[in-house]
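Comments concern the structure below.
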Amino acid sequence: MALIDTDGGFRVSRRIYHDPEIHRRELDSIFKKSWFFVGHVSEIPEPGDYVTRPLGVDPVIVNRDRDGRVHVMLNSCSHRGVKLCRSGRGNTKAHRCSYHGWAYGLDGACRAVTYEKEVYGPDLDKSRFNLRSARVETLHGLIFATWDHRGPSLSDALGHMTYYFDALFGKFDNGFEVMGSPVRTRIRANWKAETENLSGDGYHTMITHETALRFGLFPSPEDVAPYGDPIGPKFPGRTVQCGNGHTIRIQHLPIETHPPGFLGYPEELWGEIERNLKPGQVDIMARTSVTHGSVFPNLSFLENFKTATDGPGSMCRYTRLTLKVPVDEGLTEIWWWHLVPADASETWKERSQRAYLRTNGPGGMFELDDNENFLGMAEANSGPVGLDQSYNYVAGTHHPDAHGLEWPGHVQDADRSEHTLRGFLTEWRRRMELTAVAEPAASIR
Amino acid sequence: MKARWVHPTTTGGPAPLPVHQQLGLFYAYEAELLDEWRLDEWLDLVDEGFTYLIPVPLVTDHHPQLGYDPSALFMDETRESISENWAARLTDDNIAVSWADRPPVRTRRFLSALRVRSTDRPDTYLARLNVRVAMVRHGTQSGDMTGERFDVVRRAGDSFSIMSRFVVLLDAVVDAPRIRTIV
Ligand code: FES
Ligand SMILES: [Fe+2]
Chain D
359 MALIDTDGGF RVSRRIYHDP EIHRRELDSI FKKSWFFVGH VSEIPEPGDY VTRPLGVDPV
419 IVNRDRDGRV HVMLNSCSHR GVKLCRSGRG NTKAHRCSYH GWAYGLDGAC RAVTYEKEVY
479 GPDLDKSRFN LRSARVETLH GLIFATWDHR GPSLSDALGH MTYYFDALFG KFDNGFEVMG
539 SPVRTRIRAN WKAETENLSG DGYHTMITHE TALRFGLFPS PEDVAPYGDP IGPKFPGRTV
599 QCGNGHTIRI QHLPIETHPP GFLGYPEELW GEIERNLKPG QVDIMARTSV THGSVFPNLS
659 FLENFKTATD GPGSMCRYTR LTLKVPVDEG LTEIWWWHLV PADASETWKE RSQRAYLRTN
719 GPGGMFELDD NENFLGMAEA NSGPVGLDQS YNYVAGTHHP DAHGLEWPGH VQDADRSEHT
779 LRGFLTEWRR RMELTAVAEP AASIR
Chain W
162 MKARWVHPTT TGGPAPLPVH QQLGLFYAYE AELLDEWRLD EWLDLVDEGF TYLIPVPLVT
222 DHHPQLGYDP SALFMDETRE SISENWAARL TDDNIAVSWA DRPPVRTRRF LSALRVRSTD
282 RPDTYLARLN VRVAMVRHGT QSGDMTGERF DVVRRAGDSF SIMSRFVVLL DAVVDAPRIR
342 TIV
């Protein structure tokens, strides 16, 4: 069968998750070309601040120069490739190589070559040895970079996703900041397993997370009834294919709030949320229970809500970003950031952190049980017979489209669905096919 | 970034040898409870106000190496949260849907280099020890969490009560079959 077969259904070959050959093709087709999230501006506030990150799968330095501009460049000396920054975070005036001492500016320019005249003669053009630099753009403080200098801009690449990003990350006057350095973990699973789940799998929640339900970690209709007008027992959910493989799932609490209630955020910030957003974006953020999705290929975002973080009534919201970086087809490194509104109080930020860490954090209860599924997919499909089978993604194909909304993209009026997973996988197929027909020449600079 | 979490320190000297010996035994029995996932019994060993914190491991150029970001946590639990959201998963009523606990990840804790120091509070000590939690998931996938425990413990009758636990991990990339673990 084709890797993804959409004739009369939506079947996906298990090879796309478990075959090392497909993984090698992904590196060229997807991980050299897309826009990737590499960090948040609040991680490098001062000139000279740097962090080390993956861009796609290559190690890069993300730093701020003396003029405040952010640069992203390969963390590898142009001479013979030694790693330049060895730490996760720091501050420096320049990046000097430990092997022969070449030094690079914060813009990646090759500034100094040791014993230059003696070793290379009088005519060395150092600019030929600038670090391989990426193209950088930021959106609401999120830093994105790409190796592709000729491709679409970030906003063109995000397309309709920009509208949802504005709602999520552009709602506060002074934006978000990180609660410290990201956590890094590894899981023996394919990078797409968790990514497609976070793209909007509202179907697994009540099964995988049944203990969370039993322990009251999900709000019940009774929990939230005091905060608005109840509209019934069901939590209305919608899923959106934003195009280009980007997706979002939005689930609301079963209440209506007049004026809009941004439950779980400090009430003194509610006014600015309403002022900064369009009506349709207010409609997303008001009475939200959970919203999550993915920016193709491997960034996922999640904003969630815990009703009783520090006892009854202490509801609190948290925003998480996760980046799934493939090590190989069966091993993924995950980077985890927790974001809080910069203008919230310290007390609120720490409550948000507790809410996050105990639920959707890297050691939280939701992740514990989610991981069981992603690990299980890898463990059960290493044999030749397993690899010949397919996975199916037809859930919710018959669900109705939503009409009369300001929301862009292909919106469906349901979230127990694989609508967003199909959006993610359709883009995956398009990107893999693009490269398959193009000249597969290795492009070594 | 603001430092939010304070590294536990003490001004006192080494505690008397009998305290080292008693606390060493206490930790051996504590490890048995944790390795056997007897969290309900383990909860009896910790104080009502117990907190369990793990900061985010971070590599910097500094000497000596702190090893973590003082403004970032990745585990923040209390006696209550562990009771309600960890131990409760293992009861007869809930185990069938506690997917990640069935079968349980098998663990063995290796403890060494216990150092106990007195503090300015009576009968209260800062205990530092090295810990390796060896883990095997489903009998095949093995890994570990290795680091140093900084416990504040208080004498409670013949035994001790753990007031707080702060664990500094060695690996910057936490690669363990089960991260949600009491190290
Ligand atoms: S490899 Fe960096 S200076 Fe030679
Ligand atoms: Fe989940």
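Which chain is which? The protein sequence lines are D and W, in order.
Heads up: the first sequence begins at 359 in this note's numbering, then just goes up one per residue.
Heads up: the second sequence begins at 162 in this note's numbering, then just goes up one per residue.
A virtual CB, placed ideally from N, CA and C, is assigned to each residue, including glycine.
Original post:
How many Å lie between G622 of chain D and Y714 of chain D at the Cα?
Top reply: 12 Å
**OP:** Decide if P179 of chain W is buried, meaning its Cβ has at least 16 other Cβ atoms within 10 Å, or exposed.
**Re:** P179 of chain W comes out exposed.
Subject >> Spatial neighbours of L219 of chain W in its chain, beta-carbon cut-off 6 Å, leaving aside the 5 residues before and after >> reply: Cβ neighbours of L219 of chain W beyond the five flanking positions: Y229, D230.
**OP:** Take every Cβ of the stretch 644-653 of chain D, pair it with every Cβ of the stretch 401-412 of chain D, and state whether three or more of those distances are shorter than 8 Å.
**Re:** no
**OP:** Ignore the nearest five residues each way along the sequence and tell me which others in K451 of chain D's own chain have a CB closer than 8 Å to its CB.
**Re:** G406, L464
**OP:** Under 7 Å between beta-carbons, which chain W residues line up against G721 of chain D? List them in chain order, please.
**Re:** Residues of chain W passing the Cβ test: F235, M236, I340, R341.
Subject >> Sequence ranges, beta strand (DSSP E) only - wholly within the stretch 429-489 of chain D, length at least 3 >> reply: 447-449, 468-470
Subject >> Member of D:S703, D:G517, D:V685, D:A736 whose CA lies at the smallest distance from the CA of H381 of chain D >> reply: It is D:V685 whose Cα lies nearest to the Cα of H381 of chain D.
**OP:** Run the CB neighbour count on I340 of chain W, radius 10 Å, all protein chains shown included, and call it buried at 16 or more, exposed below.
**Re:** buried
Original post:
Which bits of chain D does T221 of chain W rub up against, with CB to CB less than 8 Å?
Top reply: S445, G446, R447, G448
**OP:** Would you mind working out which of D:E687, D:Q770, D:P766 sits nearest A760 of chain D, comparing C-alpha positions?
**Re:** D:Q770
**OP:** Kindly indicate the opening and closing residues of the alpha helix (DSSP H) around K707 of chain D.
**Re:** 704-717
Subject >> Beta-bridge pairing of W695 of chain D - partner residues as DSSP gives them >> reply: D:L679
**OP:** Could you tell me if the beta carbon of D728 of chain D falls within a distance shorter than 7 Å of some heavy atom in ligand 2?
**Re:** With a cutoff of 7 Å, D728 of chain D counts as near ligand 2, since its C-beta is closer than that to a heavy atom of the ligand.
Original post:
Are there three or more Cβ pairs, one per stretch, closer than 8 Å when the stretch 241-251 of chain W is compared with the stretch 543-558 of chain D?
Top reply: no
**OP:** Quickly, what does DSSP pair D587 of chain D with across the bridge? List them, please.
**Re:** In the DSSP secondary-structure assignment, D587 of chain D is bridged to D:E614.
**OP:** Give the residues of chain W in contact with G499 of chain D, contact being defined as C-beta atoms less than 8 Å apart.
**Re:** Within chain W, no residue comes near G499 of chain D; the closest Cβ sits about 14 Å away, beyond 8 Å.
**OP:** Whole angstroms is fine: what's the gap from P766 of chain D's alpha carbon to S513 of chain D's?
**Re:** Roughly 14 Å between the two C-alpha positions.
Original post:
When Cβ atoms are compared, which residues of the stretch 254-282 of chain W fall closer than 7 Å to chain D?
Top reply: Correct list: N255, V258, S259, W260, A261.
Original post:
Beta-carbon of L726 of chain D versus every beta-carbon of chain W: anything under 8 Å?
Top reply: yes
**OP:** Could you tell me which chain W residues have their CB closer than 7 Å to the CB of T569 of chain D, listed as they occur along the chain?
**Re:** R250, N255, V258, S259
**OP:** Please classify G210 of chain W: does DSSP put it in a helix, a strand, or coil?
**Re:** strand
Subject >> Any heavy atom of ligand 1 within less than 5 Å of residue CB: hits in chain order >> reply: D:C435, D:H437, D:R438, D:V440, D:C455, D:Y457, D:H458, D:W460
Subject >> Selection from D:L657, D:S658, D:V648 that minimises the alpha carbon distance to K664 of chain D >> reply: D:V648
**OP:** Starting from the Cα of P618 of chain D, find the closest Cα among D:I608, D:G638, D:G603 and give me that residue.
**Re:** D:G638
Original post:
Roughly how many whole angstroms lie between the Cα atoms of S801 of chain D and T646 of chain D?
Top reply: Summary for S801 of chain D: the model assigns pLDDT 37, below 50, so the residue's position carries little reliability; its value from the coordinates is reported in the next sentence. Near 46 Å, if we compare the C-alpha coordinates of T646 of chain D and S801 of chain D.
Original post:
Are E785 of chain D and V752 of chain D touching if we call contact CB-CB under 8 Å?
Top reply: no
Subject >> Run of the alpha helix (DSSP H) containing N731 of chain D, from where it starts to where it stops >> reply: 723-737
**OP:** Output, in sequence order along the chain, the residues in the stretch 532-550 of chain D whose CB is closer than 9 Å to any CB in chain W.
**Re:** E535, V536, M537, G538, S539, P540, V541, R542, T543, R544, I545, R546
Subject >> N246 of chain W: contacting residues in chain A (beta-carbon distance under 7 Å) >> reply: Note that chain A does not occur in the displayed structure, where the protein chains are D and W.
Original post:
Between W:R316, W:W260, W:R298, which lies nearest to R282 of chain W when the distance is taken from Cα to Cα?
Top reply: W:R316
**OP:** Give the DSSP-derived three-state secondary structure of A317 of chain W in the structure shown.
**Re:** Strand.
**OP:** Could you check what DSSP says for L657 of chain D in three-state terms: helix, strand or coil?
**Re:** strand
Subject >> Segment limits, alpha helix (DSSP H) that includes A551 of chain D >> reply: Where A551 of chain D is concerned, the enclosing alpha helix (DSSP H) starts and stops at 549-556.
Subject >> Bridge partners - G651 of chain D, DSSP secondary structure assignment >> reply: D:I606, D:F659, per the DSSP bridge assignment.
**OP:** Would you decide whether N532 of chain D is buried or exposed? Buried here means 16 or more other CB atoms lie within 10 Å of its CB.
**Re:** exposed
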